[in-house]
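Chain order of the listed sequences is A and B. With my numbering applied, the first sequence corresponds to residues 2 to 421, in that order. With my numbering applied, the second sequence corresponds to residues 67 to 724, in that order. Note that the Cβ used here is the ideal one computed from N, Cα and C, for glycine as well.
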Amino acid sequence: MQQQNNRFFFNVDWITILIYMALCAVGFINIFSVQYDPDKSEAFSFAAEYGKQLIFIISGLILGLSILLLDSKFFSVFAPVVYGITIILLITVLVVGRNVGGNQAWIPLGSFRLQPSEFAKFGTALLLARYISTFNLKLNTFKPIIICAAIIVLPMALIMLQPDAGSMLVFLSFMFPLYREGLPGNLLIIFWGAVLLFILNLFVTPSLLIISILIIGGLFAYNTRKRVQKVINVGVITAIAICYLFVAKYIFENVLKPHQRTRIELILGLTSDNRGAGYNVIQSKIAIGAGQLTGRGFLEGTQTKYDYVPAQSTDFIFSTIGEEWGFAGCFVVIGLYVFLLLRILNMAERQRSVFSRVYGYSIACILFFHVFINIGMTIGIMPVIGIPLPFISYGGSSLWSFTILLFIFLKLDSNRMGFI
Amino acid sequence: MDQLFNRKYIIQGLFVLLALTLLGRLFYIQVASDKYFLDANNNALRKKFIYPARGVITDRNGQVLAQNQPTYDLMVTPNEVKPFDTLSLCNIIGITMEDFRKKFHKAVVQSRYQASIFQKLLSVQTYATLQERMANFKGFEVQKRTIRYYPDSIGGQFLGYIREANQREIEKHQGYYKPGDYIGKSGIEKQYEVDLRGTKGVRNMLYNAHNVAQGSYADGKFDSLAVSGEQLTTTIDVEIQKLGEQLLNNKVGSIVAIEPATGEVLAFVSSPGYDPNMMVGRETGNNYMKIFSNPYRPFFIRPLKGRYSPGSAFKPLSALIALQEGLINENTTFNCPGYYQVGRTRFKCEHVDGNIALKRGIARSCNTYFWSIFEKEMMKKGRKNQHKAYDEWQEKVRKFGIGDTLGVDFPGESAYKLFRAEDYTKRYSKYWNYGTILSVGIGQGEITTTPLQMANIMAIIANKGYYIKPHLVKGIGSDKRIDPKYKEKHYVGVDARHFGPVIDGMQDAVNSPIGTARESMIPNILMCGKTGTVQNTHGKNHSVFIGFAPRDNPKIAIAVIVENGGYGGAYAAPIASFITEKYLTDSLKGRRINGATVEQYKADNLLPVLKDKIPKQKPKVDTSKVDTTKKTAPLKTTVASNTFNKTAIAPKSNATTE
């Protein structure tokens, strides 16, 4: 037993754990800074957010280490169960959930609140990995794609009912592990093309857009004029694209909620609103910009100290980093993330089992999606969709779910030579 | 490993690319652009300004001309305003609800977080009432500041006025002023703005997002105390300034007196003037429009901008240049048959003197004598080289401060052009000679000067050959600093020995029975001077006197111009006489000149009647000074029937030719 344990810890990727802990520390320091009030020199308090976050970090670490003690086969075997539990939680929250800020996303548990959408991420990742690792599965055929899509869309739909668009959009990141496993690249292109058209639709007048689509379609058709079938294909795609324009317009104007519309319009620069939804972003940008190259110093940011940035310990925690630690601090934090994510991808590639690889890709892409959207929204290049910055943002649910995500993979990796 | 392995690089590349996008954007926001850094300071940092007292302006003897009185501005910080009884506030400060909404909106536009002026210049009574109820009006506060008060109500144009800085001035001074701050707009207040205003004190306060003060920034390291403006000692003598303004009451004209030894301006009268107190307080706007629309243009600063032919006042200068060149000496005589002949044309002289020498020529202001000198000047290089001779001559005239600004420490001095030979060639083509420009020889035609320049010429003669740039401020601050350029002597290129005969002539002009300026004679004081009668195509002649006194060790050089005052002895000379006497003896013995007392001179009304303006308009807006009871003027005969075109008072048309 003793010997086995030694080997087990030897196999765990300690560098990843170090980066994880570094990011947690960055989170703690900056949450402390947000909470710090120079006029109240209180003793360290576990009732304050930084105190709670310390508890979350420590308990998260314990949780993570105990995951390492589980058998690696457990995750593969119980993947459907975990997925099922998270789906049940997602339904439960719709019934008993507490409405916070317009979203019914929280299940109250004593003094803490549980956010099931956070846990749905690894549930989905596990089941997806389990399904794709099915022997001889071809992801370029129709049925597996539909099944994968169903696994992803079910939690998305439930989350949308809360409604929490931000958390829902995170599930789009599962597209990349699927792509790695053989999903045709064209599907991705079509999907992101549709997103692009949706955005352009808001900017450009429809007639202009239709004409440009026709021209592009015409060029493609001309290129392939010798093969009738392809010309027909191009024609059909062009027609679908044009129909899509109208559908998209309709969805934007009638299906999306007004605050979602506002946010999309804001991020696209279609409207400007300095006091409403745009206020967060403006203040966050000011805070980050005020940091300049080296930052204003720990506890010295006026934007941070004097509460100019709303939701600063949670979604906008990066503005504190930007203000107090400057470009240098931002560079280090983003560097840590990129290093962590590339490492996870490399580790995923060295797995023998498809299950571990798919799972590794899933968590890397989920984490990256969070990091890019979250930082992007604090500097005004992404819409404000309210998703946390992994390991750094204040909040037990998100920290624990990211910890679980990561440590499951570390466990799988420590057993990479074995078969699952 | 399968063929899909390569897709790993696509995903990794995507990660790196997007991370670089974030870093690029961060680099722009944090390092490349300053905008957000400044915005952060605007957010949290509020500067609270403490306004210093503006410097006091005194006369040369320390008597106060401009001082400060406290006033109160009601300030509002829109974000701190809680619902309150708007009507009661409106009633206290005396505005309508409509005004209230407008003013509040204006404040909101300016800034929600920074206090801006809501109502300016509350009276002490309003302030007292308001102060009791201030607790009801959250977000409002009263800010004390000082405004000007002029105890003697004199020297309006000279002192200038202060008003709120406009956008252009705010930009020009790079951040010192903010909207609502006062700035000197004209006169001494403008010229010495930087010395007078002092330095605003600053308290850097930090505010949080809920607009609650969080203490001072960096423990007050960047705070500063207000530094009061410096006292300004002007060169003006309040007594003669006051007398001068009274004497020019209801007249258009100006008086400039200079202390020859120092170039200090003792009196600076521009008439009609206005009470400087009119440009202070809540009625400023209305008063400004009143003064501005006055057809006699009280804002026109005549001592520096008025354009007059020096006329006879130019003659001593002409003689001095000729003496220096050796063209004449004090005994050179010319024959005056009552006219001066060029070719077949005869130019009239006022009198027939026969053969006269320089002294009598000046005393009698003999045109023939000075035309003869001018002919000599122009002919000195031969008949063919008159243009060259003229150019040499006008260069010498320039040395007396004619043809350019004198560089007085006052904004807006005009420079009136002195013709060069090439200018005449442009006008007459090359066929012109001394006969063409004969009027220049007696200080008319193309020679025009300001009253200040005329007084300065007198200072040059009094000093026997040099002048110090006239200036209006004797010293800045307690150490009485002054620009060193107001200590330099400017020599005019005429030796002191040549001044004797000229001064003799001027002495005779005043003090001998044959003189033309006998109205300026002062008992027991040797005044030297000359009268001028400047013809005016639009109406009655302008009355001019220039001179200095006493003859030995002169203390005052003076130029007086009374537009439409008739001949020089009628108004200008007596007025100069009164002022000189007042300055030198500090008293006016109930003297009569031309049979009239000083009071009668003060009362005379010489304002031209304006055809196309409403005649009821009071010429001087300060009612306390307008003498409505018209006393019979001793010399004035046709004043009331003077019906000039309005342009008669426009200064440019006053430059007349014979």
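Would you give the residue range spanned by the alpha helix (DSSP H) that residue i belongs to?
i, result
"Gln-257(B)", "253–257"
"Gly-281(B)", "Premise fails: Gly-281(B) lies in the beta strand (DSSP E), 279–282, not in any alpha helix (DSSP H)."
"Cys-402(B)", "Cys-402(B) -> not in any alpha helix (DSSP H); beta strand (DSSP E) instead, spanning 400–402."
"Thr-599(B)", "Per DSSP, Thr-599(B) belongs to no alpha helix (DSSP H); it is in the beta strand (DSSP E), 594–602."
"Arg-181(A)", "176–181"
"Gln-176(B)", "163–176"
"Ser-119(A)", "In the sequence as presented, Ser is not what sits at residue 119(A); that position holds Glu. From DSSP, the alpha helix (DSSP H) with Glu-119(A) extends over 117–133."
"Thr-303(A)", "303–306"
Which residues in chain A have a C-beta closer than 7 Å to the C-beta of residue i? List them in chain order.
i, result
"Leu-89(B)", "Phe-332 and Ile-335"
"Arg-73(B)", "Tyr-180 and Arg-181"
Is residue i helix, strand or coil by DSSP?
i, result
"Asn-316(B)", "coil"
"Asn-421(B)", "strand"
"Thr-703(B)", "Any reading at Thr-703(B) must be qualified, since the residue scores a pLDDT of 35, below 50, and its modelled position is unreliable; the value itself is stated next. Residue state, collapsed to three classes: coil."
"Arg-214(B)", "strand"
"Phe-328(A)", "helix"
"Asn-397(B)", "coil"
"Met-157(A)", "helix"
"Gln-185(B)", "strand"
"Val-208(B)", "strand"
"Ser-609(B)", "strand"
"Lys-266(B)", "coil"
"Val-692(B)", "Only weak support exists for where Val-692(B) lies, its pLDDT of 37 falling under 50; the value from the coordinates is given anyway. The answer is coil: DSSP assigns Val-692(B) none of H, G, I, E or B."
"Glu-296(B)", "coil"
"Ser-337(B)", "strand"
"Ala-625(B)", "strand"
"Leu-309(B)", "helix"
"Arg-114(A)", "strand"
"Trp-401(A)", "helix"
Ignore the nearest five residues each way along the sequence and tell me which others in residue i's own chain have a CB closer than 8 Å to its CB.
i, result
"Phe-440(B)", "Ser-384, Tyr-500, Leu-504, Val-506, Gly-507 and Ile-508"
"Leu-95(A)", "Gln-105, Leu-159, Leu-162 and Gln-163"
"Leu-80(B)", "none"
Residue i versus chain B: which residues are under 8 Å apart at the beta carbon?
i, result
"Asp-308(A)", "Asn-274, Ala-275 and His-276"
"Val-339(A)", "Phe-81, Val-82 and Ala-85"
"Asn-304(A)", "Residue 304(A) is actually Gln in this sequence, not Asn. Result: Ala-106, Asn-109 and Ala-110."
"Ala-158(A)", "Residues of chain B passing the Cβ test: none, with the nearest at roughly 26 Å."
What does residue i reach in chain B if we use C-beta pairs closer than 9 Å?
i, result
"Gly-323(A)", "Leu-92, Ile-95 and Gln-96"
"Glu-254(A)", "Ordered by position in chain B, no residue passes the 9 Å Cβ test against Glu-254(A), which lies about 30 Å from the chain."
"Phe-328(A)", "Leu-89, Leu-92, Phe-93, Ile-95, Gln-96 and Val-97"
"Glu-50(A)", "Within chain B, no residue comes near Glu-50(A); the closest Cβ sits about 17 Å away, beyond 9 Å."
Residue i versus chain A: which residues are under 8 Å apart at the beta carbon?
i, result
"Gln-78(B)", "Leu-343 and Leu-346"
"Leu-70(B)", "Arg-181, Glu-182 and Gly-183"
Could you pull the start and end residues of the beta strand (DSSP E) that residue i belongs to?
i, result
"Lys-74(A)", "Counting along the chain, Lys-74(A) falls outside any beta strand (DSSP E), though it belongs to the alpha helix (DSSP H) covering 74–97."
"His-371(A)", "Premise fails: His-371(A) lies in the alpha helix (DSSP H), 355–379, not in any beta strand (DSSP E)."
"Asp-61(B)", "Any question about residue 61(B) goes unanswered here, given that chain B covers just 67 to 724."
"Ile-564(B)", "Ile is not the amino acid found at residue 564(B); the sequence shown has His there. Taken as a continuous stretch (DSSP letters only), His-564(B) belongs to no beta strand (DSSP E), as it is neither H nor E."
If you drop the 5 nearest sequence neighbours on each side, which residues of the same chain put their C-beta closer than 7 Å to that of residue i?
i, result
"Ala-716(B)", "Bear in mind that the predicted position of Ala-716(B) carries a pLDDT of just 37, short of 50, making it unreliable; the figure below should be weighed with that in mind. Hits under 7 Å: none found."
"Leu-155(A)", "Ile-88"
"Arg-486(B)", "Asp-457 and Gln-460"
"Glu-724(B)", "The pLDDT assigned to Glu-724(B) is 31, lower than 50, so where the model puts this residue is not dependable, and the model offers no usable value."
"Lys-204(B)", "Glu-146, Val-147, Lys-148 and Phe-150"
"Ile-364(A)", "Ala-126, Ile-345, Leu-406, Leu-407 and Phe-410"
Tell me which residues share the same chain as residue i and place their Cβ nearer than 6 Å to its Cβ, disregarding the 5 neighbours each side in the sequence.
i, result
"Arg-214(B)", "Ala-132 and Val-346"
"Tyr-395(A)", "Ile-32, Glu-50, Gln-54, Ser-314 and Thr-315"
| query | Looking at chain A, which residues of the region 99–121 of chain B have a Cβ within less than 8 Å of any of its Cβ atoms? | reply | So the close ones are Ser-99, Lys-101, Tyr-102, Phe-103, Asp-105, Ala-106, Asn-107, Asn-109, Ala-110 and Leu-111.
Cβ-based contacts, 7 Å cut-off: residues of the region 277–297 of chain B near chain A:
Gln-280
- Task: Check each residue of the region 179–190 of chain A: if its Cβ is closer than 9 Å to any Cβ of chain B, include it; give the result in chain order.
- Result: Tyr-180, Arg-181, Glu-182, Gly-183 and Gly-186
Taking only beta carbons into account, state which residues of the region 188–208 of chain A come closer than 9 Å to chain B, listed in chain order. none
Closer than 7 Å between beta carbons: that is the criterion. Which residues of the region 380–398 of chain A meet it against chain B?
Listed by position, the residues of the region 380–398 of chain A near chain B (Cβ gap below 7 Å) are Ile-380 and Ile-382.
- Query: Mind listing which residues of the region 277–294 of chain A have their C-beta closer than 9 Å to chain B's C-betas, in chain order?
  - Reply: Ile-283, Gln-284, Lys-286, Ile-287, Ala-288, Ile-289, Gly-290, Ala-291, Gly-292, Gln-293 and Leu-294
TODO: Pull out every residue of the region 354–377 of chain A whose Cβ sits closer than 7 Å to any Cβ of chain B, in chain order.
DONE: Phe-369, Phe-373, Ile-376 and Gly-377
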